[in-house]
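Colleague: Below are the structure tokens for one structure; questions will follow.
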Amino acid sequence: MRDEVVELAQQLIAIQSESLLSNATISDFLQKWLEKHGLAVERICYIDPNGVEKVNLIAQMGEGTGGLGFFSHSDTVPGDGAQWQPFNPRVEDGKLYGRGSCDMKGPLAASMIAVAGIDASKLRRPLYIAIAADEEMGHVGAHHIQKESATFKQNWPTWTVIPEPTEMLPVYAHKGGALITVTATGRAAHTSLDTGISANFLIAPFLAEMAELAKRMKSEERYKNHEFDPPTNGFNLTIDDGGCATNVTAAKCVAKVNFRIMPNDLHEEIIAQIEAAARRYGLAITHRKLMPFIVPKDAPIVQAACRAVNAAAMNVPFGTEAESYQRYTQCVVLGPGGIGQAHTVNEFVRIDQLEQAVTAFQRIITELCM
Ligand SMILES: [Zn+2]
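This is the structure in structure tokens:
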């Protein structure tokens with residue numbers, strides 16, 4: 157089993173699938189593998205805003221209603237290949253290195269090996285593996301699955317494990333995120349002419365208001381949720397004027413305000429305050445948000461996950477696709493690897509955790525579906 161899961165994870169890492177590229181090649185591989193192991197596979201394709209083909213897969217083993225899903229994604233963040241060899245997986249000191257090893261090709265491989273090891277004739281309820289595109293681009297593929305999957309139109313699994321990296325500790329709640337993009341448009345001109353309008357000066361009063369708002373986020377209790385550690389929302393702001401030269405007025409300046417949404421944190425009021433400030437200074441605004449995820453700690457899927465790993469449920473400050481799937485299926489987040497590894501150079505997953513994941517996933521399957 158150890159060899160199987162490591163080998164499969166290595167094969168997945170070696171197929172480059174950064175979100176900006178098409179994930180058709182890795183989806184072909186995954187579909188063939190799943191079909192070879194007796195699962196029926198539905199393939200949902202769409203074209204992303206850059207004109208690139210993206211593929212979602214929904215695989216099913218067993219018949220009936222309800223059941224259990226393992227929901228992953230096949231895209232990764234960029235490999236940053238100048239600093240390491242992201243698509244040449246290597247094993248060293250009990251760790252598997254490579255882009256996606258922990259987020260989340262390693263965890264996906266563990267769920268595939270777990271399901272493939274189940275005797276389909278003994279299932280009382282169906283098992284599903286869903287593999288979405290574009291998770292790193294705002295959960296776009298997951299939304300296509302929710303709207304278009306013929307498999308799930310017939311039957312959503314009652315319970316779902318999202319195997320994102322949690323060091324194999326069950327997660328019943330996590331924060332979401334809000335991203336508000338504010339753009340000032342000026343006019344570029346060489347300062348020797350002094351005819352320009354600096355977008356940076358246009359946006360400056362808005363930035364000053366955000367600095368004040370950031371202080372309030374940290375000090376005012378009503379914006380906090382003490383179920384989480386830290387209880388605050390990580391309010392942050394970045395600025396981009398395109399690296400404007402110092403002797404030219406900036407034609408454009410984009411500020412991005414980002415914070416982590418928690419249940420009952422007044423995030424709608426916060427977004428409204430940011431938008432009102434932007435409007436006061438005539439700036440353009442767009443925003444998108446990913447909701448927090450929460451399920452009762454005593455929910456059957458959380459309890460099954462706790463028993464499978466012999467640990468208590470916890471919450472985490474990072475987001476997963478549980479935020480969008482929770483409307484359809486009762487979710488728990490549980491997977492090998494640490495989130496501190498995700499999106500880093502020299503990303504790795506510990507091989508003993510990959511093995512532990514296969515065992516734990518099979519325990520959950522046995523308890524809920526056999
Ligand atoms: Zn992920």
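Residue 183 in our numbering sits at position 27 of the sequence shown, with consecutive numbering throughout.
We treat Cβ as the ideally placed atom computed from N, Cα and C, and that holds for glycine.
Every value quoted in this text rests on a predicted model; they were computed, and no experiment measured them.
Per DSSP, what kind of secondary structure is Asp397 in: helix, strand or coil?
Modeller: Asp397: coil per DSSP, three-state reduction.
Colleague: So the alpha helix (DSSP H) Gln187 belongs to, where does it begin and stop?
Modeller: Run containing Gln187: 180 to 192, per the alpha helix (DSSP H) assignment.
Colleague: So, using beta-carbon positions, are Thr476 and His330 closer together than 8 Å?
Modeller: Yes, Cβ-Cβ distance for Thr476 and His330 is below 8 Å.
Colleague: Tell me Ser267's beta-bridge partners as DSSP assigns them.
Modeller: For Ser267, which the question treats as bridged, DSSP gives no partner whatsoever.
Colleague: Sorted by chain position, which residues of the same chain lie with C-beta nearer than 7 Å to Gly390's C-beta, five sequence neighbours on each side aside?
Modeller: Here the set comprises Phe415, Arg416.
Colleague: Could you tell me the alpha carbon to alpha carbon distance between Gln459 and His229, rounded to whole angstroms?
Modeller: Whole-angstrom Cα-Cα distance: 24 Å.
Colleague: What's the gap between the Cα of Glu219 and the Cα of Ala433?
Modeller: Using only the alpha carbons, I get a separation of about 54 Å.
Colleague: Below 8 Å CB to CB, which residues in the same chain sit around Glu503 once its five sequence neighbours on both sides are set aside?
Modeller: The residues are Pro242, Tyr253, Gly254, Arg255, Gly256, Ser257, Cys258, Asp259, Gln497.
Colleague: If Phe517 and Val317 are in contact, beta carbons under 8 Å, what's the gap, nearest whole angstrom?
Modeller: Correct: roughly 7 Å between the Cβ atoms.
Colleague: How would the residue list near ligand 1 read, in chain order, if you kept each one whose beta-carbon is closer than 6 Å to any heavy atom?
Modeller: This criterion selects His229, Asp259, Met260, Glu291, Glu320.
Colleague: Check for me: the beta strand (DSSP E) holding Tyr528 runs from which residue to which?
Modeller: There is no way to answer for residue 528, as the model of the chain reaches only from 157 to 526.
Colleague: Quick one: give me the first and last residue of the beta strand (DSSP E) that Ser480 is part of.
Modeller: Segment 478 to 481 is the alpha helix (DSSP H) holding Ser480; no beta strand (DSSP E) there.
Colleague: Could you please give the first and the last residue of the uninterrupted beta strand (DSSP E) stretch that includes His330?
Modeller: Here the beta strand (DSSP E) through His330 covers 327 to 330.
Colleague: Could you check where the beta strand (DSSP E) with Thr337 kicks off and where it finishes?
Modeller: Where Thr337 is concerned, the enclosing beta strand (DSSP E) stretches over 333 to 341.
Colleague: Can you pull the DSSP bridge partners for Lys261?
Modeller: DSSP lists no partner for Lys261.
Colleague: To the nearest angstrom, how far is the alpha carbon of His299 from that of Leu524?
Modeller: Approximately 26 Å, taken between the alpha carbons.
Colleague: At the level of alpha carbons, what is the spacing between Leu363 and Lys261?
Modeller: C-alpha separation (whole angstroms): 39 Å.
Colleague: Looking at the unbroken beta strand (DSSP E) that takes in Thr307, where does it start and where does it end?
Modeller: Element bounds for Thr307: not the beta strand (DSSP E) but the alpha helix (DSSP H), 306 to 310.
Colleague: Determine the contact status of Lys408 and Thr339, defining contact as a CB-CB distance below 8 Å.
Modeller: Contact: yes.
Colleague: For Leu490 and Met470, what's the separation of their Cα atoms in angstroms?
Modeller: When rounded, the distance between both Cα atoms is 10 Å.
Colleague: Note down the Cα distance separating Ala266 from Ala411, rounded to an integer number of angstroms.
Modeller: Those two C-alpha atoms are separated by around 40 Å.
Colleague: For the putative contact between Ala406 and Asn356, defined by C-beta atoms under 8 Å, what is the C-beta separation to the nearest angstrom?
Modeller: About 5 Å; that satisfies the 8 Å criterion.
Colleague: Kindly identify the DSSP beta-bridge partner or partners of Leu252.
Modeller: Bridge partners of Leu252: Val247, Val505.
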